[in-house]
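Residue numbers (the numbering used here): 2 to 434. What follows is one structure encoded as structure tokens, with my remarks underneath.
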Amino acid sequence: MFLEVKRLNKRLTIKLGIFSLVAIGVVVVVMLATVSSPKQSRFCTSCHGDVVFTNACKKLPSEDIACQDCHSHENSGAVTTDLMNTVNAFATMDVKIKNRYCTQGSCHPLNTLTSAEVRYKKITPFQHRTHTVNFRENLSMRCTSCHANLGGEKHFQTDTRTCNTCHFIYTQKPLYTYEEKPVSDCTVCHNNIEITRDIYGKTFTHLKYEREKKVRCSDCHFTIVRGTGRVDEASCSQCHSEKTDHAKDAARMHYYHIVKNKTPCTPCHTSIKHGWVKENDDDFKNSHSLQPTESGYEIQNLIMMGAGGKGIKGLPDPMYLATLNCSACHKDEFYAKVNPEVCIACHERGFDKILFEQKLFVSSMMKRLKSLIKAAENQQTPDTLSIIREAAFNYEFVTKDGSFGSHNIKYVKNLLNHSIGQLRQIIRNKPKT
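Pasting the structure below:
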């Protein structure tokens with residue numbers, strides 16, 4: 002009896018041992034399958050699920066850049082494969098990425114980085130060597146000053162708003178390049194401008210104006226920088242509970258926010274926009290940001306935008322998109338007159354005569370439209386009332402502009418042609434009596 006119980010206990014012990022080993026094996030397999038290596042970025046996603054791990058670093062797509070490769074800390078210690086030790090080590094990882102981790106030999110060695118040019122947005126190739134120097138006011142840039150991941154699409158992605166802040170913010174003493182150019186000078190980035198542009202079926206050549214006519218970029222492109230980049234002290238409350246007496250001390254602020262920490266420019270400085278005004282841009286819709294819109298100039302601004310008329314959708318005048326404003330042509334105090342020599346200064350000789358002929362043509366169109374409005378009103382019906390009112394509005398709109406098409410010749414012609422065609426249709430369909 003005793004021996005039989007002993008044999009049963011032995012069998013049960015063996016079965017329990019085997020079962021325990023199998024269970025442990027299953028647990029190990031599951032852990033290996035579900036827990037990523039601490040040397041992979043997926044390891045951190047179990048807690049940091051809101052971080053975008055699509056990396057902007059130019060490494061091979063097959064390489065997995067571990068968080069610890071960049072977010073190392075002096076006190077983090079050795080990272081082991083033991084789960085508890087790993088968690089303790091990673092808890093001290095630093096959110097601030099120091100330059101030396103970016104420029105280590107396996108990533109972006111400084112000598113290679115500063116000697117190479119980087120293609121960026123079809124402008125003059127970017128050079129890191131010009132951005133790794135120390136500027137005045139304690140303005141020394143870190144890698145994360147530009148690669149701040151503020152775009153949200155890729156980790157370490159460059160935020161172009163940082164470029165705009167440094168290049169276009171107003172300072173009493175401008176920053177200069179190695180070539181002694183102000184950093185805001187157009188040619189710092191735009192050496193390879195678009196040589197030719199098609200405007201109304203004719204070819205415009207930039208180089209001809211630059212070399213032969215000695216026209217500067219700023220002679221034509223006025224409002225390509227929008228915003229001041231000033232520091233709004235209210236933005237300090239995003240990070241600080243108390244205000245400081247040193248908010249206006251630029252050198253001190255740059256030291257604590259950039260040299261000592263990794264604070265990007267954009268949370269402190271208001272936005273600066275740079276570039277062409279596009280039709281779907283808020284600046285395009287907001288005429289106040291581009292042209293004088295005091296009483297008497299709003300209609301002129303709308304005409305240049307290709308807007309304001311009724312019945313058709315217009316396009317902005319090329320000069321408007323190039324950001325020219327009233328003062329480009331109107332040199333008098335009240336923006337009332339245009340000397341023909343102003344046209345010749347930028348356009349081919351004889352352009353002033355072409356413009357004069359176009360104005361005569363638009364004037365004849367307006368006379369034709371006025372007579373058609375009167376004729377249509379004499380046979381007005383409930384069905385034609387809205388068309389006649391639309392034509393009358395367009396006539397008054399172009400009349401109040403006063404340029405006879407000079408502000409946007411294509412839009413004004415199309416607007417008048419639309420109303421003329423509508424009224425002719427009404428008159429042709431006049432019922433016989």
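Think of the CB as a built atom: it goes at the ideal place given N, C-alpha and C, for glycine as much as any other residue.
Boundaries (first-last residue) of the beta strand (DSSP E) holding residue i
i, result
"THR197", "197–200"
"THR400", "Where THR400 is concerned, there is no enclosing beta strand (DSSP E), although the alpha helix (DSSP H) it sits in stretches over 386–402."
"LYS371", "Looking at the DSSP string, LYS371 is not in any beta strand (DSSP E); the run it does join, the alpha helix (DSSP H), is 352–379."
"LYS203", "203–206"
Short Cβ contact (9 Å threshold) for residue i with residue j
i, j, result
"ILE421", "LEU370", "yes"
"ASN192", "GLY307", "no"
"VAL189", "HIS168", "yes"
"PHE335", "GLY406", "no"
"GLN423", "GLY312", "yes"
"VAL343", "LYS354", "no"
"LYS182", "GLY228", "no"
"ALA252", "GLU234", "no"
"ALA149", "LYS263", "yes"
"GLN128", "THR115", "yes"
Where the alpha helix (DSSP H) containing residue i begins and where it ends
i, result
"THR125", "It is not in any alpha helix (DSSP H) - THR125 carries neither H nor E in the DSSP assignment."
"THR161", "161–169"
"SER420", "410–429"
"ALA308", "Neither: ALA308 is in no alpha helix (DSSP H) and is coded neither H nor E."
"ASP220", "218–221"
"MET254", "251–255"
"THR115", "111–116"
"PRO341", "341–347"
"SER328", "No alpha helix (DSSP H) holds SER328; DSSP gives it neither H nor E."
"ARG212", "First-last for ARG212: undefined, no H or E at that position."
"CYS144", "144–147"
"ARG101", "100–103"
"PRO319", "319–322"
Length of the line joining the Cα atoms of residue i and residue j
i, j, result
"GLN158", "THR145", "9 Å"
"VAL339", "THR245", "53 Å"
"GLY276", "CYS187", "11 Å"
"LYS368", "GLY310", "18 Å"
"ASP250", "TYR171", "15 Å"
"ALA117", "PRO126", "9 Å"
"TYR396", "PRO268", "49 Å"
"LYS375", "THR400", "16 Å"
"ALA337", "PRO265", "46 Å"
"THR104", "LEU111", "5 Å"
"PHE352", "PRO341", "9 Å"
"LEU61", "LYS261", "Since pLDDT at LEU61 reaches only 45, below the 50 mark, its modelled position is unreliable, and no value is offered."
"TYR177", "VAL232", "22 Å"
"SER107", "PHE20", "47 Å"
"GLY230", "ARG101", "30 Å"
"LYS16", "VAL23", "10 Å"
"ARG162", "HIS132", "16 Å"
"ARG429", "ILE200", "37 Å"
"SER441", "LYS411", "Within the shown structure, residues of the chain are numbered from 2 to 434, placing residue 441 beyond reach of any answer."
"CYS71", "HIS156", "11 Å"
"ILE98", "SER236", "23 Å"
"GLN173", "CYS330", "30 Å"
"LYS45", "VAL96", "The displayed chain sequence assigns Cys, not Lys, to residue 45. Spanning the two alpha carbons is a distance of roughly 13 Å."
"HIS1", "SER141", "Residue 1 cannot be examined here, being either before or after the span of the chain that is shown, 2 to 434."
"ASN89", "PRO175", "Because the pLDDT of ASN89 is 48, which lies under 50, any placement of that residue in the model is unreliable, and the number read from its coordinates should be weighed accordingly. C-alpha separation (whole angstroms): 48 Å."
"VAL80", "CYS48", "Model confidence at VAL80 stands at a pLDDT of 47, short of 50, so the residue's coordinates are unreliable; what they give is reported in the following sentence. C-alpha separation (whole angstroms): 18 Å."
"HIS289", "ASN379", "Here HIS289 scores only 41 on pLDDT, less than 50, and its place in the model should not be relied on; the value that follows carries that caveat. The straight-line gap from Cα to Cα measures roughly 41 Å."
Given residue i as reference, the closest of the options once Cα atoms are compared
i, options, result
"LEU373", "LYS360, ILE355, ILE389, PHE362", "ILE389"
"VAL226", "SER185, HIS207, PHE205, VAL339", "SER185"
"ARG130", "TYR179, VAL96, PRO175, LYS274", "TYR179"
"ALA377", "SER364, MET366, ALA393", "ALA393"
"ASP402", "GLU391, SER364, ILE304, CYS330", "ILE304"
"ARG217", "ILE194, ARG198, LYS203, SER236", "ILE194"
"GLU349", "LYS411, GLU213, LYS16", "GLU213"
"ARG454", "MET320, LYS174, TYR102", "The structure shown has nothing for residue 454, since the chain only spans 2 to 434."
"GLU299", "PHE398, CYS71, LYS16", "PHE398"
"HIS270", "CYS164, GLN128, HIS72, PHE20", "CYS164"
"GLU211", "ILE196, SER364, GLY26, HIS72", "ILE196"
"SER404", "ASN302, ASN379, SER236", "ASN302"
"GLU391", "GLY26, HIS419, THR115, CYS71", "HIS419"
"ASP160", "GLY26, ILE25, SER272, ASN379", "SER272"
Distance cut-off 8 Å: residue i Cβ against heavy atoms of the ligand FMN
i, result
"LEU322", "This structure simply doesn't include the ligand FMN, nor any ligand for that matter."
Exercise. Decide if the region 314–323 is in contact with the region 410–418; the criterion is three or more beta carbon pairs, one per stretch, under 8 Å apart.
Key: yes
Self-check item: the region 214–224 touching the region 321–341, judged by at least three CB pairs closer than 8 Å
Solution: yes
Practice problem: Determine contact between the region 238–257 and the region 116–126, defined as no fewer than three beta-carbon pairs at a distance below 8 Å. | Solution: no
Quiz item: Given 8 Å as the limit, is there contact between the region 356–368 and the region 377–393, that is, 3 or more CB pairs closer than that?
Solution: no
Practice problem: Could you tell me whether the region 202–213 touches the region 246–261, using the rule of 3 or more Cβ pairs below 8 Å? | Solution: Judged by Cβ distances under 8 Å, the region 202–213 makes no contact with the region 246–261, as fewer than three pairs qualify.
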